[in-house]
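Data first, discussion second: the structure below is written as C-alpha cells.
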Amino acid sequence: MKSEFDHMKGQTLEDMSNMVQQFNSKIANKKAALEPIVRELRAVRQQAQVTVLIRNAISSSHICSM
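Note that our numbering has the sequence shown beginning at 8, numbered continuously upward.
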C-alpha cells in the first residue's frame, strides 16, 4: 500500500516535471519568435519619439516667431 502510494506520488512528480519542461520550452520558442518584433517595435518607438520632439521644436519656434 505505502509503496504503491510512493510510486504514484513519484509518477505524479515526474509528470509535473515533464509538463514544466514543456511549458518552459514553449515559452522559450514564443520568446524567440517575438524577439525580432520587439526589437523592431523599439526602433519604431524611438523614431516616433524623435519625430514628436522635432514637431514640438518646430511648433514652439513658430509660436515664438508670432
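Backbone N, C-alpha and C define an ideal beta-carbon position, used for all residues, glycine too.
Just how far apart, CA to CA, sit residue i and residue j?
i	j	result
Leu48	Gly17	45 Å
Glu42	Gln29	20 Å
Val45	Phe12	48 Å
Ser54	Arg62	A quick correction: the sequence has Gln, not Ser, at residue 54. Spanning the two alpha carbons is a distance of roughly 12 Å.
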